[in-house]
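Undergrad: Quick one: the structure is below, questions incoming.
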Amino acid sequence: MIRPEPMQNLKQHLGALLGSCLSKAAGIANSNANVITASKPEFGDYQANGVMAIAKQLQTNPRELAQKVVELIDSVNDKLIERVEIAGPGFINIHLRNDALMAKASMVLQQPNTLIPQSEQAVCIVVDYSSPNLAKEMHVGHLRGTIIGDCLARVLEKQGHEVIRQNHVGDWGTQFGMLIAYLKEVMKAPDPGSDDLPTRLADLEVFYRAARKRFDSDSEFAETSRLSVVKLQGGEPEYLQIWQRFIDESLRHCQLVYDRLNVTLSNKDLKAESFYNDGLSGIVTALEEKNLLTLSAGALCVFLPEFTGKDGDPLPVIIRKSDGAYLYATTDLAAVRYRCFDLNADRSLYVVDARQSLHFQQVFAVARVAGLASDNISLEHVTYGTMMGKDGKPFQTRSGDTIKLIELLNEACRRAFELVSDKNPDLDEAARQAIADTVGIAAVKYADLSKNRTSDYIFDWSAMLSFEGNTAPYLLYAYARIKSILSKQETALEQYSITSIDAREERDLLLKNLQLPEVIEMVATDCYPNLLCNYLYELAGKFMRFYEACPILKAELESRNSRLSLAALTAETLQQGLDLLGIETLEKM
RNA sequence: GCGCCCGUAGCUCAACCGGAUAGAGCACCGGCCUUCUAAGCCGGGGGUUGCAGAUUCAAGUUCUGCCGGGCGCGCCA
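The working numbering applies: residue 1 is where the first sequence begins, and numbers increase by one.
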């Protein structure tokens, strides 16, 4: 496959052009013209907000400076720009040429793989996401991290970066000692080769809860559990064998959920906590060499001056517990080292619940001072909010009302099936089921992806399973409408080409299509998938308005072909955008 | 007690590192299917952006102090 050329998106092009004009006019190198999409249609297509700040700096009249900038822009005769004008206190409003927009769009139509340009510099990016605890079955709280991470991985990959997914599953902590101890207890004479373990684990959640109850109520059992961890981490065969069967069973559950969710994770992306086990003593050595370790109450700790807790006391990062077992900080340090020096990552993203932000701050800081991370690697904790219950209180995973992720997906598809059957009773059942499966999953994913990841969110069936308004079905519906039209055209177009713009709705839709690369760039930089959702929703909305206002198949020949092309371009944009969200499209719905 | 995050329409959320009159959806009210899929489109009501200051041409956005909510803070992950 030919790698599409790096290409400036509209905003980058205008930003560079106006930036250089502003720099020249102001006599200040690298001035930022601060070009953004226009906040209102009256202001044109894009607007430059940077003139006023520079004028302030120069103690000069902003409108006069803007005038100089405008003259410089005019002298360049840029192919994209129809005209620029000064507005208000010193804004520069930018209007783009229709012919330039049409030409750009027609080019993209002929080479759809240029719709999303390659990043100028491809780098290696590790994306750590999903990372469920294998002691339990995946529940609704795992949804966010899994699909946000998957979206980011897809976006970065699409830009040409080398993306290495890392599913850092929890398979090695204290809870496994607990499970093993409980299993041994439940099955008096453990014989891991021939028992009915899979049957007993058919409901991992139930098994976990039972073990947990024992652990919390019986200190002797808790002690046995902790000793089991040490034995496991020490490599005792019997423990390893039981453990392995837990893991295999649990991973099977996870993969079912991933496949159902259309999440790209597979076995090859697994890098479990246990993978780092052999390297943990090396972490201790490395920290020792840097004189960072302190023995505190029997535990090996790192104290960094920038982290203090209660009463200003130094806050420890516990590297090794007093009983000799390691904790997740140590594992995470080993993972940082692995990603930096073995995978040679330039960026390492951790898509993990915001509650762990202090933990990651500490791990990153220790990794830097201990040389477990190079200075060049960008370590980024991509946080997301805590899931709350209907009452606004945190959704307790240990309480009985945990909802399994698979149950949510089943319910979504069930409701979607009812709706499809209602809307489209003529389709046979298999077709309706297939549509419902796509729509249901899409709705659940989009409900989460479309919200700013940093805010806490309330688990709410009705919001998550809604099919109207700003939802995935709206986008899928727009796509299906386009496909329906395209399938009705009598003669296939030799090649799509957008050659005329008559209505406001046509132009709005055309320009919006061309702005996908800008959005992708923002998502890749800041890791906010909701920006892509917002964009696609606006794109679909502009298509709906175009659809209502502009007849396509009944239009005059030239307009007809042009509108068909515009519709085809929109389908392409929607399809590629939804694909980056991990949402499949439908030809019919 | 200390630290981090959050507070925007009745509800769920936007607002592109400080920009022009704060926008959508849901819900509610009213229009639009003999015309390319009504899971749609058009219109309407609804706001002192928690409160009070500060910074400046410009603050939902930055700073300070309160109020309210969430999370984290030594051997769970």
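We put the CB at the ideal spot given by N, CA and C, even for glycine.
Going by beta carbon distance, what residues of the same chain come within less than 6 Å of Gly266, once the five residues before and after it are set aside?
TA: For the purposes of this step, residue 266 is taken as residue 266 along the first sequence, with counting starting at 1. Correcting the residue type first, residue 266 is Ser in the shown sequence and not Gly. Closer than 6 Å at the Cβ level, and outside the excluded window around Ser266, lies no residue.
Undergrad: Quick check on DSSP: helix, strand or coil for Thr386?
TA: In the first sequence, the residue the question calls residue 386 occupies position 386. Coil.
Undergrad: Give every residue of the same chain whose Cβ lies closer than 6 Å to the Cβ of Asp579, excluding the five residues on either side of it in the sequence, and list them in chain order.
TA: By 1-based counting over the first sequence, the position of residue 579 is 579. Excluding residues within five positions, none has a Cβ falling inside 6 Å.
Undergrad: Between Cys340 and the rest of its own chain, which residues show a CB-CB distance below 6 Å, the 5 nearest in sequence each way excluded?
TA: On the first sequence, position 340 is the one that residue 340 refers to. Within the same chain, and ignoring the five residues on either side of Cys340 in sequence, the residues whose Cβ sits closer than 6 Å to its Cβ are Ala373, Ser374, Ile377.
Undergrad: Classify Gln175: buried if its beta carbon has 16 or more other beta carbons within 10 angstroms, exposed otherwise.
TA: Mapped onto the first sequence, residue 175 falls at position 175. Classification of Gln175: buried, given that the 10 Å Cβ count is 16 or more.
Undergrad: For the stretch 399-447, list the beta strand (DSSP E) runs that are entirely contained and at least 3 residues long, ordered along the chain.
TA: none
Undergrad: If we call anything under 7 Å between Cβ atoms a contact, is Ile318 one with Leu327?
TA: Here residue 318 refers to the residue found at position 318 of the first sequence. Here residue 327 refers to the residue found at position 327 of the first sequence. Remark: C-beta atoms of Ile318 and Leu327 approach each other more closely than 7 Å.
Undergrad: How would you call Asp332, buried or exposed, if buried means at least 16 neighbouring beta carbons within 10 angstroms?
TA: Taking the first sequence and counting its residues from 1, one reaches residue 332 at position 332. Buried, since its Cβ has 16 or more Cβ neighbours within 10 Å.
Undergrad: Assign Cys504 to buried or exposed, taking buried as 16 or more other Cβ atoms, counted over all protein chains shown, within 10 Å of its Cβ.
TA: Locating residue 504 in the first sequence gives position 504, counting from the first residue. Inspection of the sequence shows that residue 504 is occupied by Arg rather than by Cys. The residue in question, Arg504, is exposed, as its Cβ has fewer than 16 Cβ neighbours within 10 Å.
Undergrad: Rounded to whole angstroms, what's the CA-CA distance from Ser322 to Asp171? Just pull it up for me.
TA: Reading the first sequence from its first residue, position 322 is the one you call residue 322. Reading the first sequence from its first residue, position 171 is the one you call residue 171. In this structure, the straight-line span from the alpha carbon of Ser322 to that of Asp171 is close to 21 Å.
Undergrad: Alpha carbon to alpha carbon, what distance is there between Asn534 and Ser78?
TA: Start at 1 with the first residue of the first sequence, and residue 78 comes out as number 78. Start at 1 with the first residue of the first sequence, and residue 534 comes out as number 534. The question names Ser, but residue 78 in the sequence shown is Asp. Computed Cα separation, rounded: 30 Å.
Undergrad: Is the beta carbon of Arg214 less than 7 Å from the beta carbon of Tyr182?
TA: Counted from its first residue, the first sequence places residue 214 at position 214. Counted from its first residue, the first sequence places residue 182 at position 182. In contact: Arg214 and Tyr182 (Cβ atoms closer than 7 Å).
Undergrad: Would DSSP call Arg347 helix, strand or coil?
TA: Residue 347 sits at position 347 when you count from the first residue of the first sequence. Arg347 falls in the strand class under three-state DSSP.
Undergrad: According to the neighbour-count rule (16 or more other Cβ atoms, all chains shown, within 10 Å of its Cβ), is Leu501 buried or exposed?
TA: The residue given as residue 501 occupies position 501 in the first sequence. Note on residue identity: the sequence assigns Ile, not Leu, to residue 501. That one is buried.
Undergrad: Please report how far the alpha carbon of Gln255 lies from the alpha carbon of Leu409, in whole angstroms.
TA: In the first sequence, the residue the question calls residue 255 occupies position 255. In the first sequence, the residue the question calls residue 409 occupies position 409. Rounded to the nearest angstrom, the two C-alpha atoms are 14 Å apart.
Undergrad: Nearest to Ala416 by alpha carbon, out of Asp426, Asp428, Ala434, Leu405?
TA: By one-based count along the first sequence, residue 416 stands at place 416. When each option's Cα is compared against that of Ala416, the closest is Ala434.
Undergrad: Spatial neighbours of Leu115 within its chain, please: CB distance less than 8 Å, with the 5 preceding and 5 following residues excluded, ordered by chain position.
TA: Along the first sequence, one-based indexing puts residue 115 at 115. For Leu115, where only same-chain residues beyond five positions count, the Cβ hits under 8 Å are Val108, Leu516, Pro517, Glu572, Thr573, Gln576.
Undergrad: Taking just the CA atoms, how far does Val127 sit from Arg337?
TA: Position 337 of the first sequence, counting from 1, holds the residue named residue 337. Position 127 of the first sequence, counting from 1, holds the residue named residue 127. Roughly 15 Å separates the two Cα atoms.
Undergrad: Could you give the distance in angstroms between the alpha-carbon of Ala25 and the alpha-carbon of Glu468?
TA: Position 25 of the first sequence, counted from the first residue, corresponds to residue 25. Position 468 of the first sequence, counted from the first residue, corresponds to residue 468. Looking at the two C-alpha atoms, the distance is approximately 50 Å.
Undergrad: Note down the Cα distance separating Leu22 from Ala100, rounded to an integer number of angstroms.
TA: Position 22 of the first sequence, counting from 1, holds the residue named residue 22. Position 100 of the first sequence, counting from 1, holds the residue named residue 100. Roughly 23 Å separates the two Cα atoms.
Undergrad: Under the three-state reduction of DSSP, which class applies to Thr294: helix, strand or coil?
TA: Along the first sequence, one-based indexing puts residue 294 at 294. It is a strand residue.
Undergrad: Can you have a look at Asn291 and say buried or exposed, based on whether 16 or more other CB atoms are within 10 angstroms of its CB?
TA: Reading the first sequence from its first residue, position 291 is the one you call residue 291. Looking at its Cβ environment, which holds fewer than 16 other Cβ atoms inside 10 Å, Asn291 is exposed.
Undergrad: Would Gly44 and Asn9 qualify as a contact pair, given that the criterion is a beta-carbon distance under 7 Å?
TA: Within the first sequence, numbered from 1, the residue matching residue 44 stands at position 44. Within the first sequence, numbered from 1, the residue matching residue 9 stands at position 9. Going by C-beta atoms, Gly44 is not nearer than 7 Å to Asn9.
Undergrad: Alpha carbons only, please: which of Leu134, Arg154, Ser130 is nearest the one belonging to Asn167?
TA: Taking the first residue of the first sequence as position 1, residue 167 is located at position 167. Measuring from the Cα of Asn167, the nearest candidate turns out to be Ser130.
Undergrad: Helix, strand or coil: which one does DSSP assign to Phe303?
TA: What you label residue 303 is simply residue 303 of the first sequence in a count that begins at 1. It is a strand residue.
Undergrad: Put Val352 into one of helix, strand or coil per three-state DSSP.
TA: Against the first sequence, residue 352 aligns to sequence position 352. Here Val352 sits in strand by DSSP.
Undergrad: Which same chain residues, not among the five before or five after Gly15, have their C-beta less than 7 Å away from its C-beta?
TA: To locate residue 15, count along the first sequence from 1; it is residue 15. So the qualifying residues of the chain are Ala33, Val35.
Undergrad: DSSP puts Leu96 in a beta bridge; with which residues?
TA: Stepping through the first sequence from its first residue, residue 96 is reached at position 96. The beta-bridge partner set that DSSP reports for Leu96 consists of Ile81.
Undergrad: With distances taken between CB atoms, is the gap from Val257 to Leu65 smaller than 7 Å?
TA: Residue 257 sits at position 257 when you count from the first residue of the first sequence. Residue 65 sits at position 65 when you count from the first residue of the first sequence. Contact flag unset, no.
Undergrad: Quick check on Gln124: does DSSP put it in helix, strand or coil?
TA: To locate residue 124, count along the first sequence from 1; it is residue 124. Checking the sequence, you will find Cys at residue 124 rather than Gln. Reduced to three states, the DSSP call for Cys124 is strand.
Undergrad: Relative to the alpha-carbon of Asn452, which residue among Asp526, Glu411, Gly440 has its alpha-carbon at the smallest distance?
TA: The count along the first sequence starts at 1 and reaches residue 452 at position 452. The candidate whose alpha carbon is nearest that of Asn452 is Asp526.
Undergrad: Quick check: the Cα distance between Tyr276 and Ala286, rounded to an integer number of angstroms?
TA: Position 276 of the first sequence, counting from 1, holds the residue named residue 276. Position 286 of the first sequence, counting from 1, holds the residue named residue 286. Straight-line Cα distance between these residues: approximately 15 Å.
Undergrad: Using DSSP with H/G/I as helix, E/B as strand and the rest coil, what is Val69?
TA: The residue you call residue 69 lines up with position 69 of the first sequence. The answer is helix: DSSP assigns Val69 an H, G or I state.
Undergrad: Under 8 Å, with one C-beta from each stretch per pair, do the stretch 533-549 and the stretch 474-492 reach the 3-pair mark?
TA: yes
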